[in-house]
Amino acid sequence: MNRSARLLVSAATLLLAVGSTGYAADIIEGPSADYCRVVGTSNLVLTDNIVDLKEQVVKLMDESVAAANSSEWINSSRPVFVWASEAKVACGMAYGYLKTNYRDEDTLNKCECFHDRMVEYMH
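Counting from 13, one number per residue, gives the positions in the sequence shown under this note's numbering.
In structure tokens, the structure reads:
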């Protein structure tokens, strides 16, 4: 196996190992229960009207995409870009579910959580 293939396998193994521990990147030696400390109960999950919910998710997704594409945050030492990238993926997944009229609470919670973390690091 050549060097680049070994590095790729090592990186994939590391990602699988890290991803299965349940720890967040910015929480040292702690469970992910406190992961969304700025969110509390997700307002998205509590929204009953599917049309309003779609609008809110798209708004959060658009704001996250804008931050992830902004050179201000790409070149910043703050983790805004990381959380923006996570939020745009989570919100995109939540929106994809909503397009089929399925409310996936996990992705809705992640969408709001990651967006709120992004905003928290902006200030």
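Ideal Cβ positions, reconstructed from N, Cα and C, are used throughout, including at glycine.
The structure presented is a predicted model; accordingly, all values stated were derived computationally and were not measured.
Buried or exposed by the 16-neighbour rule on C-beta atoms within 10 Å, applied to residue 128 | To locate residue 128, count along the sequence shown from 1; it is residue 116. When all chains shown are included, residue 128 counts as buried.
Boundaries of the alpha helix (DSSP H) in which residue 161 is found, first to last residue = Beyond the ends of the chain as shown, which are 13 and 135, falls residue 161; an answer cannot be given.
Going by Cα to Cα distance, which pick from 55, 108, 101 is closest to residue 80?
-> To locate residue 80, count along the sequence shown from 1; it is residue 68. Here the closest residue by C-alpha is 101.
Residue 83 lies in the alpha helix (DSSP H); which residues open and close that run?
-> Translated into positions along the sequence shown, residue 83 becomes position 71. Start and end: 83-86.
Quick one, are the C-beta atoms of residue 62 and residue 110 less than 8 Å apart?
-> Numbered from 1 along the sequence shown, position 50 holds the residue referred to as residue 62. Numbered from 1 along the sequence shown, position 98 holds the residue referred to as residue 110. In contact: residue 62 and residue 110 (Cβ atoms closer than 8 Å).
Going by the CB atoms, is the gap between residue 106 and residue 76 shorter than 8 Å?
-> In the sequence shown, counting from the first residue as 1, residue 76 sits at position 64. In the sequence shown, counting from the first residue as 1, residue 106 sits at position 94. Taking 8 Å as the Cβ cut-off, residue 76 and residue 106 do not qualify as a contacting pair.
Hey, would you say residue 130 sits closer than 8 Å to residue 96, going by beta carbons?
-> In the sequence shown, counting from the first residue as 1, residue 130 sits at position 118. In the sequence shown, counting from the first residue as 1, residue 96 sits at position 84. Yes, these two residues count as a Cβ contact at 8 Å.
Grab me the residues of residue 69's own chain with a C-beta within less than 8 Å of its C-beta, minus the 5 sequence neighbours each way, in chain order.
-> Here residue 69 refers to the residue found at position 57 of the sequence shown. Result list for residue 69: 56, 103, 106, 107, 110, 120, 123, in chain order.
Three-way DSSP call (helix, strand, coil) for residue 55 in this model | For this step, residue 55 is matched to residue 43 along the sequence shown. Helix.
Using only alpha-carbon positions, find the residue among 94, 116, 78, 135 that is nearest to residue 66.
-> Here the question's residue 66 lines up with position 54 in the sequence shown. Taking only the C-alpha atoms, the option nearest residue 66 is 116.
Compute the Euclidean distance between the alpha carbons of residue 93 and residue 60, then round it to the nearest angstrom.
-> Taking the first residue of the sequence shown as 1, we reach residue 93 at position 81. Taking the first residue of the sequence shown as 1, we reach residue 60 at position 48. Roughly 31 Å separates the two Cα atoms.
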